[in-house]
Structure formats: structure tokens, C-alpha cells
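Quick mapping for you: the protein sequence lines, in order, are chains A, W and B.
Just so we're aligned, residue 1 is where the first sequence starts under this note's numbering, counting upward by one.
Just so we're aligned, residue 1 is where the second sequence starts under this note's numbering, counting upward by one.
Just so we're aligned, residue 1 is where the third sequence starts under this note's numbering, counting upward by one.
First up is the structure itself, then whatever we jot down about it.
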Amino acid sequence: MVNPSLLIGLPLAFAFSIPLFGLVSKRIGKYIPIVTLLINVVISFMLIPQILKNPIVVSIGGWSPPFCINLVVGPLGIFLATLISGIGFLVSIYAVSYIKEEPTEKYHILFLLLMVGAIGIVLTGDIFNLFVFFEILCISSYALVAYYKDKEGTEAAMKYLIQGSVGSSFILIGVALLYGFFGTLNMADIASRITSANPTYLFVTLAFLITGFGIEAAIFPLNAWLPDAHSSAPSSISAILSGIAIKTGVYGVARMVYTMFNANSILLFIAFLGLLTLLIGEMCAFRQDDIKRLLAYSSIGQIGLITFALGIATSLGVFASLFQIVSHTLAKALLFLAAGYMIYRVGSKSIASLSGLGKKMPLTSFAFTIGSFSLIGLPPFAGFVSKLSIVYAAIQVKKPIFLAFIAIALIATIIEAGYFFKIVQNLYFKKGKNLDKITETSGYILIPIIILAILIIAIGVHPQFITGLLKESAKELLERAGYVGWVLGGT
Amino acid sequence: MRTRKIVSIIILLIIAGGFMITFSQIPFGKDKINVANYYISRGIEETGAVNIVTSVVLNYRGFDTLGEVTVLFIAAIGLGAVLFVEKRVQKHTSDNKEDKAKRASLILRTGSNLLFPLILLFGAYIFIHGHLTPGGGFQGGAVVASGFLLIYLAFPKQSINKKSSSVAESLGGLIFIGIGLLGLIFSGYFLSNFLPKGIPNTLFSAGIIPIIYIAVGFKVGFDLTGIIDDLLGRSK
Amino acid sequence: MNLIYNWMYYISSGGLILIGMYIVLVKTNLIKIIIGLHFIDTGINILLICIGYVKGRTAPIFSTSGINPTNVVDPVPQALVLTAIVIGVAVLALALSIAIKVYEHNKTLNVSKIKRLKW
Numbered sequence: 001m002v003n004p005s006l007l008i009g010l011p012l013a014f015a016f017s018i019p020l021f022g023l024v025s026k027r028i029g030k031y032i033p034i035v036t037l038l039i040n041v042v043i044s045f046m047l048i049p050q051i052l053k054n055p056i057v058v059s060i061g062g063w064s065p066p067f068c069i070n071l072v073v074g075p076l077g078i079f080l081a082t083l084i085s086g087i088g089f090l091v092s093i094y095a096v097s098y099i100k101e102e103p104t105e106k107y108h109i110l111f112l113l114l115m116v117g118a119i120g121i122v123l124t125g126d127i128f129n130l131f132v133f134f135e136i137l138c139i140s141s142y143a144l145v146a147y148y149k150d151k152e153g154t155e156a157a158m159k160y161l162i163q164g165s166v167g168s169s170f171i172l173i174g175v176a177l178l179y180g181f182f183g184t185l186n187m188a189d190i191a192s193r194i195t196s197a198n199p200t201y202l203f204v205t206l207a208f209l210i211t212g213f214g215i216e217a218a219i220f221p222l223n224a225w226l227p228d229a230h231s232s233a234p235s236s237i238s239a240i241l242s243g244i245a246i247k248t249g250v251y252g253v254a255r256m257v258y259t260m261f262n263a264n265s266i267l268l269f270i271a272f273l274g275l276l277t278l279l280i281g282e283m284c285a286f287r288q289d290d291i292k293r294l295l296a297y298s299s300i301g302q303i304g305l306i307t308f309a310l311g312i313a314t315s316l317g318v319f320a321s322l323f324q325i326v327s328h329t330l331a332k333a334l335l336f337l338a339a340g341y342m343i344y345r346v347g348s349k350s351i352a353s354l355s356g357l358g359k360k361m362p363l364t365s366f367a368f369t370i371g372s373f374s375l376i377g378l379p380p381f382a383g384f385v386s387k388l389s390i391v392y393a394a395i396q397v398k399k400p401i402f403l404a405f406i407a408i409a410l411i412a413t414i415i416e417a418g419y420f421f422k423i424v425q426n427l428y429f430k431k432g433k434n435l436d437k438i439t440e441t442s443g444y445i446l447i448p449i450i451i452l453a454i455l456i457i458a459i460g461v462h463p464q465f466i467t468g469l470l471k472e473s474a475k476e477l478l479e480r481a482g483y484v485g486w487v488l489g490g491t
Numbered sequence: 001m002r003t004r005k006i007v008s009i010i011i012l013l014i015i016a017g018g019f020m021i022t023f024s025q026i027p028f029g030k031d032k033i034n035v036a037n038y039y040i041s042r043g044i045e046e047t048g049a050v051n052i053v054t055s056v057v058l059n060y061r062g063f064d065t066l067g068e069v070t071v072l073f074i075a076a077i078g079l080g081a082v083l084f085v086e087k088r089v090q091k092h093t094s095d096n097k098e099d100k101a102k103r104a105s106l107i108l109r110t111g112s113n114l115l116f117p118l119i120l121l122f123g124a125y126i127f128i129h130g131h132l133t134p135g136g137g138f139q140g141g142a143v144v145a146s147g148f149l150l151i152y153l154a155f156p157k158q159s160i161n162k163k164s165s166s167v168a169e170s171l172g173g174l175i176f177i178g179i180g181l182l183g184l185i186f187s188g189y190f191l192s193n194f195l196p197k198g199i200p201n202t203l204f205s206a207g208i209i210p211i212i213y214i215a216v217g218f219k220v221g222f223d224l225t226g227i228i229d230d231l232l233g234r235s236k
Numbered sequence: 001m002n003l004i005y006n007w008m009y010y011i012s013s014g015g016l017i018l019i020g021m022y023i024v025l026v027k028t029n030l031i032k033i034i035i036g037l038h039f040i041d042t043g044i045n046i047l048l049i050c051i052g053y054v055k056g057r058t059a060p061i062f063s064t065s066g067i068n069p070t071n072v073v074d075p076v077p078q079a080l081v082l083t084a085i086v087i088g089v090a091v092l093a094l095a096l097s098i099a100i101k102v103y104e105h106n107k108t109l110n111v112s113k114i115k116r117l118k119w
């Protein structure tokens, strides 16, 4: 029986030791994140069957909750930890030969610490610990966005830093207000006492917390930093930011609203905000000419869709939202990795310069097509199953306003199909200019792209691989008495 | 510009209203200690440290301190990555006239020669006695870094050895995590206090707490010195 | 007098947070915005310490014999503030280094003149 605190402890130990390995040889540092994240993926897979029977509550230091910090590894936690470790492992293989600009050793240290922050956020059960791991994630991503020290990179990093830092301060104000009233910092303890407080007080605290997490999750109107940051970062970092960092913001909002505060009346407002984000993201993406900026706006739109599905407070709604998280993470990581490789070979970021690459880089273009079709929602890819579940969940609610919401979501999907078809048409059916020297040669870059494409097709054809785990995770979010019982009742 | 000011003031008024609603529900100075009663009443016998804040920081909530050490490490590494300059570009245009003009005054040079060892001693005292008096690893490390800053101000051509400073940073962090993993092996819980607790109020007490604080003190001192060195752009 | 004594710490911490947010939203010099971020952090730290105070009690260090467990203030907010101060310093250091690079590329610190940094 493996202790889940190794999921956080081992990568942290390896990250601190990379400079020491760097003294011996300059080339070892590139391979350490791959080894560490592979160990993480193996441990997570080994823990899944056991957690589906009985969730594990690990206390750090040996005292009993609520007098200690504890890790609550339930189905939702282990599902997100496996997803994060898996995507991190694939992107770190890509980064071995993609990152050429000095100082590469520091890139790998920062990357591994970003992963540690993300895994810590989804596994912890204590709100101040959540804030500390959230800061680890945010600060590593500020430094990584500024990694290419050119004009756009530094400006995007500055904008991201100012807005992200204000967001973290709001979260800390929320934590201070919660401690001031309840006297404890344990999430399950606060959840069991939440009814003893004044509703206005809880409303103000919840507003601060949702604003703070919303800045990281890029919900409208707090998403001004995202297009610049995701398009000026190195492509492997754009894949991680779009795939993992904004999902932890959505996880934070879900934990606060569902488990701790039990605020069912605010869910309709969250669904409405999600829909607004979806429309604005897709409409802005349609007008872009720079491909990475287009993918960044598309991320904003998809986060709006995930938040909208989260606002449907039924078990099928939350299940659909978690499925959409899986399909968007796989597809968007694939799109950013493939686009990064194409930009690196061609030398320019505009869509017009990608014409004709279908013949010269067949594997990459085919993978790009698979990713974009999955994002639109065509069968037999993973995106089809997730979008169908969202539509079913909204129809099941039987309120007329949700039918109007579904109509708007379908209009946004049509806009999305419009710009992705334009890109695919450019890749395959237009002629390119001076493309003679372009080939696909590097194995390190192609392997993650191919594995991601295979995963998208596998989950689309046979979703039974993950539906069992996702159903249990949705149940964990909706039934808060179960969560409180695991921690305080003594498992 | 006018519209931006008006919109900002409206947002700030809403936030101020939120503050007024919530602060009135937390009476100032009233006894509302809840979970901390456990820490105060059982702190000495369970951890052996008479400074209850230290036992909370390193024992009951040690995971937060691990995260904080990591954040400082990220800041130092991120700064090194952002301000990195290729070695060939940085040419040394050193002529003697410039050096003479930048030389610091006699008072500063003599004073820092005298004070530097005393400041280091004071910082070391603070982080070794973290479990007996107010203080600890972070405070002591900051004092040590201010001693190095004094040397940087007084002698414009001195700088620390970057390689050994980064080795000290990594070792500090590794010792902290190593003790945590040893706790996992010995008693099944990450970061548990597995060394003997000793007699309270003496120097050799409180199990793993002094060892971790010494490692943290070294690490913070060299982290902050490395940050100052990167910002001044001085080491070779 | 008692009323002012009870509220002056909360008013000062809330005031610092609001002043910091005004600076971040309105001012156009990059260094002033970074200082505004630091004001917000300082205000929140003062708020956290005020929450842990109990009237008439002393520091939680049992080094002399006169202090017993019913006589001390809350130690947990002090531990939280230790962590929050260090995180604030780390963000400040990173912000200043990125500001140095922005100045090297654009030769100005006025955020309305840098091309896309205009919110």
C-alpha cells in the first residue's frame, strides 16, 4: 500500500536535486522530469482500484484531523492527479528537444515545481495549504511565461503577474475571513459548521474566493491576461497552462461552492457566467490570424463550457463537466504541441503561413486535425461524448431557460467549427510557398503527439475506460456529507 | 482616464462595503480560539518546543512551511532564468578611473569589515534558537542575507561564489524533504517527529525542529543573497 | 474612545488594502503598480494578526513560569503570516526582475505606452 504523500514528496525531492545533478553533468537535467512524472503516473494507477472502494485520508505528521493538515485522496482527487501527471509526462518528453534556449536546467526545475503545485492543489484538504500550493503553481508559471526574454514574453508575463497576484490576495482575504469566524482551517470541519454563520457574511466571503479563483480560471470578465500569456510562452508551457493551470482554478471554484459552502443558489449565476465566457471566447477566436492566440481564445471558450456544465447541479451535469475537462485537456495539449512544432519549422505564427503543410508534415497535420475535430465534437472522438453528455444534462433539468442556454452553446459550437475547418483547409488543400527544407525528423517531439492522438480516439470509441471513475468523482462533489464523514468520522 | 478612475472608485466602494459587513462580525479581542487550544495545551509534551508558534509552524503545519521554502526557491531560480545573460556578451569594460570613482567611503568599508562577522553570528543565533525564543529559520536567514548585502555595498568588486551558493540552496531543501521522508519510513507519517524530545527549554530538545530550522536558515540566507547578486548583475 | 480602540486596527488594514488596489488600478508607472501590490499584501497580513489577538494576553512562549495555557494569544495566525510574508517577498522579487526586462525592451515604464499592456 503506497502512501499518497509520495505523489507530492518525491517530485519535490527530485526538483531540489536537479542543480546537484547539474554539477556532475549538464545533460542529465533534461531527463529527470520524465523519470519523476512516470513514477507519479504508475503510483496513481496503482492507487485507483483501492480508492474506488475506500477513499484514503492521509494525515501529515500523525495527529488526527482536524488538528493537522490532511490529504483527502478521493475519486476526484486521484482522477485529477492521474490526468495532471500523465499530461506532464508527455509534455516533458516533448520539451527534451524543443527547449533549446539557455538556461535549460532552470526550465526543467520550474516545470517540475509547477506540476508539484498542481498535484498539491487537487489532493489537499486544508484551505491554507490550498493557497500555498496555488501560489507555487502561479509563481512558477509567471517565471515560465517570461522564459523567452523577448518583447512580447516579458510584457505578457508582467500583465499575468499583476492580475494573478491580485487574485491570490483575494483568496487570502477569503481564508482570513473564514478563520476569523470558524477558528479552524480544515475544509471538512468548516463544511460541517457552515450553517452556524450569518448568510450575508458567507456571501461576501464566497464572493472573494470565487473572484480569486476565477482570475486563474479565466472566467469573464477576469480573463484579460490569458490571450497574451498563452501565446507568448514556449509551446510546451502553453500546453500545460491551457491544459492544467486553468483547470485547477475551476477545481477551486467547484470545491468552494459544492463541498464547503453548499451554495446551491449561486450555481445558476455561475452557469450564466460560463455561457457568457463561451460566447466571447469563440467570437474573439474567429477573428484571429495568429494561431497561438486563436488557440488561447478557444481555451477561454471551453472553460466557459466546463463552468456552464458545472452550474447544472445534477449528477449528470457534473459528470459531463468532468468528461469535458478530460477531452479538452487532451485535445488542447495536442493542438498546442503540434502547432508549436509547425511554427518552429515554418518560422512564423500566422495561419496563412501554415498552408500546404499537410504533405510535408503528414503525421503532425493529421494529429492536429484529430485534435480540432475532437474539440468541435465530431464522432468518434472524445469531444463528441462529452458534448453530448452536456446537452443531455441540460435537457434533463426541464426548465425553459436551460433550453435557451443550450441553443446559445450550439451556436458557439458552430462558430468553433468555422475557424477550425478554415485551418484544416489551409493545411491540406492550399498550396504552400518555399517549403522545401521542411521534414519531420525528431522522435522526441513526435511520440507525445502520437500518444495523445491515440488516447483521444480510444476514449472516444470506448468511454467505458473512465466513466466509472468519473461517476464516483461526481458523486463526491455532490454528496458533501460523505466527504465530511471520511475526514472527521474516521475512515 | 477619467472613466477608469470612476470605475475603480465604484469597485473600491463595493469592496469597502464588503469589508464593513464582515469585519463587524469578528469582534476584536474576544476569545474565539478554537483549534489552537489543542496546540497550546498539548504543545510542549507532544513536540518539546517551548515556542508554540515554532511548533505550529514546523510540526503541526509543517507542510505549509515546506511549500513556503519551495516558493522562495522558485523565486530565486526564476530570477536567474529571467535575468540570464550569455557570458560572451557581458564584456568587462573596467578601467581604473571608473573603479576609483565607485569606491565606497572609509567609514563604510571599515564598519562593514567589523560588523559582518557579528551580523552572521546574530543571524545564526536566531535560527539555532528558534524553538526557545521568537525567531526561526526565515528571520535568521534574512539577517544573514543583510550581512552579505552590506559587503556588496561596501566593496563593489566582491561577489559570492555562485556555484557553492546554489549547492547550499539545494542541500537545504533536500535536508528538509529528506527528514520528512525519513519520518515516513520510521513511523508511517510524512514529517512526523521521530527524534527524542529531550528536556523542554534547553538547546538540545524538540526532536527534528532545530535540525530543520538550521537547514532552512542556510537555505533562506543563500537564496536571498543569490537574488541580490542576480539583481546587481555582478558574479562571473 | 473604546469604540475607536476596537476598530482602528481593522480600519487600518482595510484602508491599506483599498489604497493598494487603487494604485494597481489607476496609476501608470510600473514601479508604482508593483509597490501597490505590496501594499495589498501588507494590509492582509495586518488583518490576519488582528484576528488572532485576545485582550490582555501575552505571547505564546512558555519560557518563564508566569505563563500558563490560559494566558496566551492564538498562535495559528502568526504561523500563517510567516508564510504569507515570504510568499509576498518572492512575488515582489520576480515582479521587479520582469520589470527590468520590460524596461530594457521598451525604454519606458509607462504602461499606457507599452503596446498591449493597457487595461
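Note that the Cβ used here is the ideal one computed from N, Cα and C, for glycine as well.
Item, Value
"Residue 15 of chain B by DSSP, collapsed to three states: which one?", "helix"
"Hey, does residue 29 of chain A have any beta-carbon neighbour from chain W nearer than 8 Å?", "no"
"Which runs of the alpha helix (DSSP H) spanning at least 4 residues fall entirely within the stretch 369-400 of chain A, listed in chain order?", "382-396"
"Assuming residue 14 of chain B and residue 16 of chain W form a contact by the criterion Cβ under 8 Å, report the distance between their Cβ atoms to the nearest whole angstrom.", "7 Å"
"Under the three-state reduction of DSSP, which class applies to residue 16 of chain A: helix, strand or coil?", "helix"
"Please tell me whether residue 122 of chain W and residue 213 of chain W are closer than 8 Å, where the distance is taken between their beta carbons.", "no"
"Taking just the CA atoms, how far does residue 417 of chain A sit from residue 38 of chain B?", "44 Å"
"What residues from chain W crowd round residue 106 of chain A, counting only those whose CB sits closer than 9 Å?", "77, 78, 80, 81, 84"
"Taking just the CA atoms, how far does residue 98 of chain B sit from residue 8 of chain A?", "29 Å"
"Would the beta-carbon of residue 376 of chain A fall within 8 Å of that of residue 97 of chain A?", "no"
"Mind checking the stretch 82-103 of chain B against chain A and listing, in chain order, the residues whose C-beta falls within less than 8 Å of any C-beta there?", "83, 84, 87, 90, 91, 94, 95, 98, 99, 101, 102"
"Excluding the 5 residues flanking residue 109 of chain W on each side, which residues of the same chain have their C-beta closer than 6 Å to its C-beta?", "154"
"How far does the beta strand (DSSP E) with residue 187 of chain W in it reach, from first residue to last?", "Taken as a continuous stretch (DSSP letters only), residue 187 of chain W belongs to no beta strand (DSSP E), being part of the alpha helix (DSSP H) at 162-187."
"Could you tell me the distance, in whole angstroms, from the CA atom of residue 138 of chain A to the CA atom of residue 253 of chain A?", "16 Å"
"For residue 77 of chain A, does the three-state DSSP call read helix, strand or coil?", "helix"
"What residues from chain B crowd round residue 292 of chain A, counting only those whose CB sits closer than 7 Å?", "Within 7 Å Cβ-Cβ: nothing; residue 292 of chain A doesn't reach chain B, min ~14 Å."
"Taking residue 124 of chain W as the reference, give the member of W:149, W:221, W:66 with the closest Cα.", "W:221"
"Below 6 Å CB to CB, which residues in the same chain sit around residue 89 of chain A once its five sequence neighbours on both sides are set aside?", "37, 38, 41"
"Provide the residue(s) that pair with residue 59 of chain A in DSSP beta bridges, ordered along the chain.", "A:70"
"Determine the closest residue to residue 408 of chain A out of A:18, A:207, A:391, A:458, with distance taken between C-alpha atoms.", "A:391"
"Is the CB of residue 139 of chain A under 8 Å away from at least one CB in chain B?", "yes"
"Using C-beta distances below 6 Å, list every residue in its chain close to residue 192 of chain W, excluding the 5 sequence neighbours before and after it, in chain order.", "183"
"Going by beta carbon distance, what residues of the same chain come within less than 8 Å of residue 68 of chain A, once the five residues before and after it are set aside?", "59, 60, 61, 62"
"My understanding is that residue 480 of chain A touches residue 191 of chain A, with C-beta atoms under 8 Å, so please give their C-beta distance in whole angstroms.", "6 Å"
"Give a yes or no on whether the C-beta atoms belonging to residue 334 of chain A and residue 281 of chain A are separated by under 8 Å.", "no"
"Who are the near neighbours of residue 156 of chain A in its chain, counting only those whose CB is closer than 7 Å to its CB and skipping five residues on each side?", "145, 228, 229, 232"
"Please report the residue range of the alpha helix (DSSP H) in which residue 38 of chain B lies.", "30-51"
"With 16 other CB atoms within 10 Å as the buried threshold, where does residue 449 of chain A fall?", "buried"
"I'd like to know whether the C-beta of residue 3 of chain B is nearer than 8 Å to at least one C-beta of chain W.", "no"
"Can you tell me the Cα-Cα spacing of residue 92 of chain A and residue 309 of chain A, whole angstroms?", "31 Å"
"Kindly list, in the order they appear in chain B, the residues whose Cβ is closer than 9 Å to that of residue 260 of chain W.", "Lying outside 1 to 236, the shown extent of chain W, residue 260 of chain W is not represented and no answer is given."
"How far does the alpha helix (DSSP H) with residue 163 of chain A in it reach, from first residue to last?", "151-182"
"If you draw a straight line from the C-alpha of residue 180 of chain A to the C-alpha of residue 57 of chain B, how long is it?", "18 Å"
"Applying a beta-carbon distance threshold of less than 7 Å, which residues of chain A neighbour residue 25 of chain W?", "181, 198, 201"
"Going by C-alpha to C-alpha distance, which of A:166, A:271, A:273, A:183 sits closest to residue 225 of chain A?", "A:166"
"Give the residues of chain B in contact with residue 8 of chain W, contact being defined as C-beta atoms less than 7 Å apart.", "22, 25, 26"
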